[in-house]
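Residue numbers (the numbering used here): 1 to 129.
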Amino acid sequence: MERFVYPFSAIVGQDKMKLALILNAIHPAIGGVLIRGEKGTGKSTAVRALARLLPELAVVADCPYRCDPDAPEALCSDCQDRVAGGAALPRGRRRMRVVELPINASEDRVVGAIDIEAAIKSGERRFEP
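The structure is reproduced here in structure tokens:
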């Protein structure tokens, strides 16, 4: 069952925050927006509502990193190997997801880190998502 998301257009009194979110959705090179405020002012609600308005993304269906099949320069090494081998990448679509992180989340727990065990055992660098 899908969770109810409050409509973005129904959020009132937060015009600067809404504008900042919309501008970041239109032009991601802006680099993000820091939203801060008292508890209950609609910060998370606005982010979830905007995510529902965004179009679905084209992804490689069976890629754990959800690579963009239309951006060959940005494919992960697994997808690059498949393309180099002549295989067609299976396409899929997915909605933009909002990922909620705990306050103490570190960068390596969010995006992954180098697999230290593989580096010590075999001397090769391997990414652990």
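Cβ coordinates follow ideal geometry from the N, Cα and C atoms, glycine included.
Here DSSP, grouped into helix, strand and coil, assigns I22 to helix. Counting only unbroken stretches of 3 or more residues, the beta strand (DSSP E) elements lying wholly within the stretch 51 to 86 are 57 to 60, in sequence order. Here the stretch 59 to 67 lies against the stretch 92 to 109, with 3 or more beta-carbon pairs under 8 Å apart. At a Cβ-Cβ threshold of 9 Å, G112 and E128 count as neighbours. Our two residues, P90 and R109, have alpha carbons roughly 28 Å apart in a direct line. With respect to A20, A49 sits apart: the two C-beta atoms are not nearer than 9 Å. The three-state secondary structure of E107, taken from DSSP, is helix.
Distances from the alpha-carbon of K18 to those of I114, A51, A88 put A51 closest.
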